[in-house]
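First to last, the protein sequences are chains A and B. At position 78 of the first sequence the residue is numbered 78 (the numbering used here), and the sequence of numbers has no breaks. At position 21 of the second sequence the residue is numbered 214 (the numbering used here), and the sequence of numbers has no breaks. Beta carbons: idealized from backbone N, C-alpha and C, even for Gly. None of these values were measured; they are calculated from a predicted model. Step one of this worksheet: look at the structure below.
2 protein chains.
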Amino acid sequence: MTRNGRGHSRDDVVRAAGRLFASRGYHGTSMRDLGRELGLLGSSIYSHISGKQDLLVEVVERGATLFEASARTALARPGTSAERLGAFISGHLDVVLDHVDEARTFLNEADALEPESRTRVLAARDHYEAALRTLLEQGIADGSIRADLDPALAGIFILSVVNAVERWYRPQGRLDRPAVVDEITRFVAGGVA
Amino acid sequence: MTRNGRGHSRDDVVRAAGRLFASRGYHGTSMRDLGRELGLLGSSIYSHISGKQDLLVEVVERGATLFEASARTALARPGTSAERLGAFISGHLDVVLDHVDEARTFLNEADALEPESRTRVLAARDHYEAALRTLLEQGIADGSIRADLDPALAGIFILSVVNAVERWYRPQGRLDRPAVVDEITRFVAGGVA
DNA sequence: CCTACCGATCGGTAGG
DNA sequence: CCTACCGATCGGTAGG
Chain A
1 MTRNGRGHSR
11 DDVVRAAGRL
21 FASRGYHGTS
31 MRDLGRELGL
41 LGSSIYSHIS
51 GKQDLLVEVV
61 ERGATLFEAS
71 ARTALARPGT
81 SAERLGAFIS
91 GHLDVVLDHV
101 DEARTFLNEA
111 DALEPESRTR
121 VLAARDHYEA
131 ALRTLLEQGI
141 ADGSIRADLD
151 PALAGIFILS
161 VVNAVERWYR
171 PQGRLDRPAV
181 VDEITRFVAG
191 GVA
Chain B
194 MTRNGRGHSR
204 DDVVRAAGRL
214 FASRGYHGTS
224 MRDLGRELGL
234 LGSSIYSHIS
244 GKQDLLVEVV
254 ERGATLFEAS
264 ARTALARPGT
274 SAERLGAFIS
284 GHLDVVLDHV
294 DEARTFLNEA
304 DALEPESRTR
314 VLAARDHYEA
324 ALRTLLEQGI
334 ADGSIRADLD
344 PALAGIFILS
354 VVNAVERWYR
364 PQGRLDRPAV
374 VDEITRFVAG
384 GVA
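Next up, the structure:
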């Protein structure tokens with residue numbers, strides 16, 4: 001990724017930051033690293049942003065928005081609660097696999113945020129977890145999920161599985177994405193049914 | 194953690210490093226931070242070790258050893274493969290909850306290792322995953338696990354759940370450890386049976 | 001384990 | 001977006 005003579009947009013900078021934050025972490029990324037990624041000097045980045053922390057906030061917030069939108073879509077879906085749970089899982093995987101950098105940074109680098117934005121991000125994460133919990137409770141109510149299941153705990157288990165997917169999934173691997181979605185859904189369905 | 198007049202052992206230094214690496218990450222921890230944690234100057238640490246990277250290697254290797262020992266015990270356990278799977282999960286949780294710093298650093302900071310030790314650690318992780326896979330295959334062979342289960346994938350799912358426990362488990366929380374072990378075992382059993 | 005440093009690198013700024 | 005910097009901090013060393 002070098003210059004092309006047309007300069008860089010703010011969005012270019014944020015996306016490049018996402019790439020580096022996702023792969024080396026916030027503390028492991030210097031402004032000069034980011035400059036190199038964009039084909040310019042570290043100091044030149046400050047014409048686009050006002051500080052390194054801004055970049056982290058923006059990348060993490062993009063991740064949060066993607067997850068929120070995915071949850072909203074899954075919850076609004078007509079059909080059985082089992083279908084909505086499937087849609088939630090599949091939507092989550094789409095975020096995690098199609099927006100690796102934002103998702104990873106959102107999931108792993110929240111601790112590097114300053115208190116104010118960190119609080120906002122943790123609240124967004126809680127909200128997302130609550131959406132999944134609601135869905136599981138609907139499943140218990142309509143009988144498609146076993147009644148002795150702890151919805152809060154099951155929600156955490158499910159998120160543990162889907163969050164980790166980007167750590168091992170390889171697009172060229174043995175299984176394609178629908179197969180992975182299917183295996184996870186069956187694994188989870190067995191665990192909650 | 195301040196001085197007590199008796200000085201510090203190398204083990205004190207490694208354990209303090211584990212604490213900081215686990216909570217702030219390797220790149221987020223400076224030698225001066227570590228000095229402060231021990232009640233001495235950053236430069237004084239070099240009388241115990243020869244470099245920051247040494248500390249990371251040692252903490253990560255302690256984590257690896259703990260997980261390996263736990264797997265060996267679970268696999269050697271007499272009884273059904275279902276009991277061995279339960280022992281594996283429960284042993285993993287013991288490592289993750291009783292040795293948070295080493296486990297966390299082993300699981301999250303391997304990327305900060307230099308190539309040689311990084312390779313060794315990834316091999317240890319593969320070995321651990323292979324042990325779990327073997328166990329699941331035994332379960333398929335003896336009929337206690339459904340035959341259409343993908344043992345490699347199921348192993349990853351199980352590890353995703355148990356690795357994440359230290360992120361949310363609170364000893365003073367609603368559930369005690371045996372209850373958590375039980376919920377996970379039932380969740381997993383449902384997913385594989 | 002401290003004093004007193006080293007060169008390198010950090011995030012960031014002034015001025016063009 | 002570059003030049004030319006700033007003070008602070010980094011990992012680490014020499015010598016006691």
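| Query | Result |
| --- | --- |
| For A/A16, count neighbouring Cβ atoms within 10 angstroms of its own Cβ and tell me buried if that reaches 16, exposed if not. | buried |
| So A/Y26 is in the alpha helix (DSSP H); what residue range does that whole segment cover? | Taken as a continuous stretch (DSSP letters only), A/Y26 belongs to no alpha helix (DSSP H), as it is neither H nor E. |
| Among the candidates A/S144, A/L34, A/L153 and A/Q138, whose CA atom is the shortest distance from the CA of A/R10? | A/L34 |
| Any contact of the region 282–289 of chain B with the region 246–266 of chain B, i.e. 3+ C-beta pairs under 8 Å? | yes |
| Only counting the same chain, and skipping five residues up and downstream in sequence, which positions put a Cβ closer than 7 Å to that of A/L135? | L75, S81, R84, L85 and F88 |
| What is the DSSP secondary structure of B/Y239, reduced to helix, strand or coil? | helix |
| Under 8 Å between C-beta atoms, does B/E376 make it to chain A? | yes |
| Measuring only the C-alpha atoms, how far is A/R32 from A/Y46? | 11 Å |
| Leaving aside the five residues before and after B/V354 along the sequence, list all residues of the same chain whose C-beta is less than 8 Å from its C-beta, in chain order. | I377, F380 and V381 |
| Considering only residues of the region 91–133 of chain A, which uninterrupted beta strand (DSSP E) runs meet the minimum length of 3 residues and lie entirely inside it, listed in chain order? | none |
| Since A/I158 is in the alpha helix (DSSP H), which residue starts that stretch and which ends it? | P151 to W168 |
| Return helix, strand or coil for B/T273, following the three-state DSSP convention. | coil |
| Let me see if you follow: with CB-CB separation under 8 Å, is A/D176 close to chain B or not? | no |
| Got a sec? Which residues, its chain only, sit under 7 Å from A/S44 by beta carbon, not counting five neighbours each side? | G35 |
| Is A/E37 near A/V96, with beta carbons less than 8 Å apart? | no |
| Say whether the region 106–114 of chain A touches the region 17–27 of chain A, bearing in mind that this needs 3 or more beta-carbon pairs closer than 8 Å, one atom from each stretch. | yes |
| From the DSSP output, in three-state form, read off A/R146 for me. | coil |
| When the distance is taken between beta carbons, is B/R326 closer than 8 Å to B/R345? | According to the sequence shown, residue 345 of chain B is Ala rather than Arg. Against a cut-off of 8 Å, the Cβ pair of B/R326 and B/A345 comes out as a contact. |
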